[in-house]
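Some notes on the structure that comes next.
Protein chains: 2
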Amino acid sequence: MPPPAVDPTLRVQTQNRVVTALLQHLPAHALLWHTEDTVPYECDGLTAYRERPLLVALPETEAQVAAVLQTCHQLNIPVVARGAGTGLSGGAMPHAQGVTLALAKFKSILKIDPVARTARVQCGVRNLAISEAAAAHGLYYAPDPSSQIACTIGGNVAENSGGVHCLKYGLTLHNVLRVRGFTMEGEAIEFGSEALDAAGLDLLSLVIGSEGMLAVITDVTVKLIPKPPLARCIMASFDDVRRAGDAVAQIIAAGIIPAGLEMMDKPMTAAVEDFVHAGYDLSAEAILLCESDGTPEEVAEEVARIQAVLVASGATRIEVSADEAQRLRFWSGRKNAFPASGRISPDYMCMDSTIPRKNLAAILLAIQEMEQKYQLRCANVFHAGDGNLHPLILFDGADPDQLRRCEEFGAEILETSVALGGTVTGEHGVGIEKLNSMCVQFSAEENAQMQAVKQAFDPAELLNPGKVIPTLHRCAEYGRMHVRRGLLAHPDLPRF
Amino acid sequence: MPPPAVDPTLRVQTQNRVVTALLQHLPAHALLWHTEDTVPYECDGLTAYRERPLLVALPETEAQVAAVLQTCHQLNIPVVARGAGTGLSGGAMPHAQGVTLALAKFKSILKIDPVARTARVQCGVRNLAISEAAAAHGLYYAPDPSSQIACTIGGNVAENSGGVHCLKYGLTLHNVLRVRGFTMEGEAIEFGSEALDAAGLDLLSLVIGSEGMLAVITDVTVKLIPKPPLARCIMASFDDVRRAGDAVAQIIAAGIIPAGLEMMDKPMTAAVEDFVHAGYDLSAEAILLCESDGTPEEVAEEVARIQAVLVASGATRIEVSADEAQRLRFWSGRKNAFPASGRISPDYMCMDSTIPRKNLAAILLAIQEMEQKYQLRCANVFHAGDGNLHPLILFDGADPDQLRRCEEFGAEILETSVALGGTVTGEHGVGIEKLNSMCVQFSAEENAQMQAVKQAFDPAELLNPGKVIPTLHRCAEYGRMHVRRGLLAHPDLPRF
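Chains A and B, in that order, give the protein sequences.
For the first sequence, position 379 (counting from the first letter as 1) is numbered 379 according to the UniProt record's numbering, and the numbering increases by one without interruption.
For the second sequence, position 100 (counting from the first letter as 1) is numbered 100 according to the UniProt record's numbering, and the numbering increases by one without interruption.
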């Protein structure tokens, strides 16, 4: 989706106008507009999509955030908020005629309340920094995206981020009590409260996962939960990926909600084991990692129940972590799955669809058939308990035909996920990457309803425009593309 | 909020026009407009507010629901959806110039899926009927409002209903996967999915708790959870209500999430014990009811931990239910608290605010002071674990001065709750009852933002108009009222 070409002279004029206006409110060092300064901001974790912003603003106070928004609103300039830039769907990709509002300086932990078990932090605080600050009270913040060392809570709120522990402890949505931020007009808003529920429309839930399109969040109050006294990880081997998928469904059907329930197939464990030496069973077609946490009594009882289900489901080998070092080693492989894939293929494309858990075996079978159809390999790593897939399609980007086949493969995984009752994104967001997939998932009326809600917050459509919600025109065009599959790699369409 | 007086001739003319139009789509027996037929619909569980609708439509199919909405949209006639009419905030109170869309005939259980652990049901299915249908698979639907025998899942979705089990298992919001319904224009919409999360804006969360203002929901897919093998209820006595409040905070702070954690004070237990003989300790200033569920091992361990916290918090007596009959007896008192209050006072007003749990003791102290100030008694029954208060102010409605003092007392509880970081409604909704309180809870901008979102779904403002979101004018007027307290009982303002 390249923005319309901008006359370079006009760009400089606009830049000067915006910089001059913003210098009324922000110090000069808080504004970056020379090319060498803005290049580091030209993409987020989805590096395939790049754009240079008109300028980058790095406010230090809420008053400055409000001033940037008010100024841009007056000048009709788009604004794209940015946290750590670790997003995987291009949600923070800059707008060529817009301001990137970088919130890196909002990194204060404002309050840890061990009695209420809450933390109030600024949006730029790293996910893991919250747990580190709460550790003194035996508490932590549960949602744990793989990028938790780097990603910020503001970005987590924007994307409704998940993680390994979300099966038991919920997504960001279930762990955030209150947000404070600013509308595009620069007005302060607060949604949610530290008490149960909130009166009126649930705008807190609406803002969480809204990918920076409704408001700029500066301040987040999260729930903290007690660190369980003990955690154990069970590794189970299966000689058939479908049997592993069924075992996941059986564990949940037995009424067990493990603290984590992940699955990796053979190509994935092979790539990872070579890289981190996690101790995985390389003869298995698939392994499950299943975590139990709680008091020693609870863990002992739950581990026994999980083992019984695994045996009944046909596990060929079961190993329970003997100590904390081994448990962390089991998980180290899972956490390094994406980088490890880079070692077995020149390029890979990571998908992020979800399906109802009961259809895990069906999607695995479908993906195996697609590997034949597109003549490309696919390594699978799943938040299996959540039904959240991360198939990694392996390809060589230097070969245009492989790239084309990879894109078609990816599109078919997403469409199959929707057909199996799932969604096109589990936790990475739509951003710029999955705009076309929204046409598959939602009807024209449903996308129009989302657009109407977007406009209820931002009538001028200046907050992160062109992301998340496809235009009717785009869906119509994609519909045609979809029929004539050979055109999927049309340069005007984002690659997914 | 009396609607503008309507010329009776005009009313009949409008009625004829709407009936004629609807008879194109619905059989005659599905429309009620004679006074004797519409009287049963003139209020919901908040009986203080009554209004006769223009007519009541009782569609039997989704196509008929769509036709009623389309027709009313064309004729500019308001529509108020209605489930079982058990709501406590007047959310289903009819509109004098509007159609009440009664969904009583939508009572099919469409599918129980024991593997996916979901149930898909029509909106008019009773809350308890879902659990009854799922019982054969050892599953149940967790949120359990006190009205669960009668209230419908559609109403639960509209109000984001809670219940005793919501502390551990979440509100309606956390237990609904997907809804299907119709916009005011009669267009079919679906939000959510049976998979984790959903792409794009989270309109599912937005619709849940939107009190019938955004869409009419006809079809709901809910999560089912396994019935725990065992449940035990601990009854603990305290000689000081504040100490009981602190014990609640201590249980949660210890990392225990009981399946239920309720509190009743002495006036409440006295009223209830006389009525249901639950075996309550009548010498206690407050009792806590704390439930543990799970496997026998889990329950034994959790009960021991809870007992330790209760002892450390100063409990004067602790009794654990010895069997299921005793457990149900302990709960029978709690479940009958509202009707029991009718035995000790000619009238009572039930409040529904929430506060952060840590402030339980503070609000109890404040309510005790208010009892002196307003010279009225207040019996307290709480979803204590959630910080959701249900103070019952006891008064005699025949005495205008008592009514006035009761209204001021109620207003002060709500305002104090907001001041303590809480909200004006925990689970009963805003409806017509708490419109003024929304002015206390939210800024003009926040209420305007809710109104904008409402209009994004319903630009003509025909779905349940005049509820939930106060007008700026109303808040300005209430602001004045609030200063001149003596005028709070102004006849134009709803009583709360």
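Note that CB positions come from ideal geometry on N, CA and C, so glycine has one too.
Note that the structure is predicted; figures quoted are calculated from it, not measured.
As an exercise, report each continuous alpha helix (DSSP H) stretch of at least 4 residues that is fully enclosed by the segment 187-232 of chain B, in chain order. 203-207
Inter-residue spacing [alpha-carbon to alpha-carbon] between residue 415 of chain A and residue 225 of chain B: Taking the straight line joining both Cα atoms gives about 29 Å.
Stretch-stretch touch, CB-based, cutoff 8 Å, three pairs: the segment 214-228 of chain A with the segment 111-130 of chain A: yes
Cα separation between residue 424 of chain A and residue 167 of chain B? 31 Å
Quick one: is residue 349 of chain B near chain A, going by C-beta distance under 7 Å? Closer than 7 Å to the CB of residue 349 of chain B there is not a single CB belonging to chain A.
Same chain only: Cβ atoms within 7 Å of residue 451 of chain A, ignoring 5 sequence neighbours per side: The residues are 469.
Using 7 Å as the limit for Cβ to Cβ distance, is residue 355 of chain A near chain B? yes
Assuming residue 353 of chain A and residue 413 of chain A form a contact by the criterion Cβ under 8 Å, report the distance between their Cβ atoms to the nearest whole angstrom. 6 Å
Going by DSSP in three states, residue 133 of chain A sits in which element: helix, strand or coil? helix
Entirely within the segment 46-130 of chain A and at least 3 residues each: give me those beta strand (DSSP E) ranges in chain order. 55-57, 79-82, 99-102, 109-113 and 118-122
Chain B contact for residue 255 of chain A (CB, 7 Å cutoff): yes
Hey, residue 184 of chain A and residue 463 of chain A: beta-carbon distance below 7 Å or not? yes
Applying a beta-carbon distance threshold of less than 7 Å, which residues of chain B neighbour residue 438 of chain A? 199 and 200
Quick check: is the beta carbon of residue 195 of chain A nearer than 7 Å to any beta carbon in chain B? yes
Taking 7 Å as the CB-CB cut-off, is residue 430 of chain A touching chain B? yes
Taking a Cβ distance cut-off of 9 Å, strictly less, list which residues of the segment 456-482 of chain B are near chain A, in chain order. 456, 457, 459, 468 and 469
Is there a Cβ of chain B sitting closer than 7 Å to that of residue 441 of chain A, yes or no? yes
Could you name each continuous beta strand (DSSP E) segment of 3 residues or more that falls completely within the segment 316-374 of chain A, going from the start of the chain to the end? 317-320 and 347-350
Taking 7 Å as the CB-CB cut-off, is residue 80 of chain B touching chain A? no
Whole angstroms are fine: how far does the CA of residue 388 of chain B sit from the CA of residue 433 of chain A? 42 Å
Start-to-end residues for the beta strand (DSSP E) that takes in residue 395 of chain B: 388-395
In angstroms with no decimal places, state the Cα-to-Cα distance between residue 15 of chain A and residue 196 of chain B. 42 Å
On the three-state DSSP scale, how would you describe residue 382 of chain A? strand
Rounded distance between the beta-carbons of residue 123 of chain B and residue 87 of chain B, thought under 8 Å: Contact between residue 87 of chain B and residue 123 of chain B fails: their C-beta atoms lie close to 14 Å from each other, not under 8 Å.
Chain A contact residues for residue 206 of chain B, given Cβ-Cβ distances below 7 Å: 201, 202, 205 and 206
Secondary structure of residue 9 of chain A, DSSP reduced to three states: DSSP places residue 9 of chain A in helix when its eight states are reduced to three.
Reduced DSSP secondary structure (H/G/I, E/B, other) of residue 252 of chain B: If DSSP states are grouped into helix, strand and coil, residue 252 of chain B belongs with the helices.
Using the rule of at least 16 other Cβ atoms within 10 Å of the residue's Cβ for burial, across every protein chain shown, is residue 313 of chain B buried or exposed? buried
Does residue 131 of chain B come within less than 7 Å of chain A when only Cβ atoms are used? Not closer than 7 Å to any Cβ of chain A, the Cβ of residue 131 of chain B fails to qualify, so no.
Chain A partners of residue 264 of chain B, CB-CB under 8 Å? Per Cβ cutoff of 8 Å: no residues; residue 264 of chain B is ~18 Å from chain A at best.
Please confirm whether residue 208 of chain A and residue 173 of chain A have their CB atoms less than 7 Å apart. yes
Any beta-carbon of chain A closer than 7 Å to the one on residue 127 of chain B? no
My understanding is that residue 273 of chain A touches residue 333 of chain A, with C-beta atoms under 8 Å, so please give their C-beta distance in whole angstroms. Correct: roughly 7 Å between the Cβ atoms.
Cβ-based neighbour list, residue 379 of chain A, same chain, cut-off 7 Å, excluding 5 preceding and 5 following: Non-local C-beta neighbours of residue 379 of chain A in its own chain, meaning closer than 7 Å and more than five positions away in sequence, comprise 265, 267, 268, 271, 341, 392 and 394, ordered along the chain.
Can you tell which of B:253, B:62 and B:82 has its C-alpha closest to the C-alpha of residue 115 of chain A? B:253
Output yes if chain B places a C-beta closer than 7 Å to the C-beta of residue 185 of chain A; else output no. no
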